[in-house]
Amino acid sequence: MVEDTVRWSEDTIRWSEDTVRWSEDTVRWSEDTVRWLEDTVRWSEDTVRWLEDTVRWLEDTVRCSEDTVRWSEDTVRCSEDTVRWSEDTVRWSEDTVRCWDYCTS
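Under the working numbering, residues 4 to 108 are what the sequence shown spells out, in order.
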């Protein structure tokens, strides 16, 4: 009977030690989980900021593209004006030559 009680007591001590180790492991696991969750929150916040920055960059890119389109349209109009000016200059030169020929003949 005493031997059984001693064995039971030793088993209980081992069980208690195991329970303490299990509890310590659980605490460490919980602390790790909290750190992981905090890291995840920071990562998520960083991702949100990155996405907001990306949206702003895209909006800027759209505005820049619109400006480029307007600049291209202006350049086309300027080129068309230059062509008309050149045509007018050719006609003026031809008229000047005819007038000179007429006046000198």
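By construction, the Cβ of each residue, glycine as well, lies at the ideal position given by its N, Cα and C atoms.
Extent of the continuous alpha helix (DSSP H) to which residue i belongs
i: S108; result: Looking at the DSSP string, S108 is not in any alpha helix (DSSP H), and its letter there is neither H nor E.
Through-space distance from residue j to residue i, alpha-carbon basis
i: E76; j: E83; result: 11 Å
i: S89; j: C67; result: 32 Å
i: C102; j: R94; result: 12 Å
i: V5; j: I16; result: 16 Å
i: T64; j: D56; result: 12 Å
i: V79; j: E48; result: 46 Å
i: S19; j: S12; result: 10 Å
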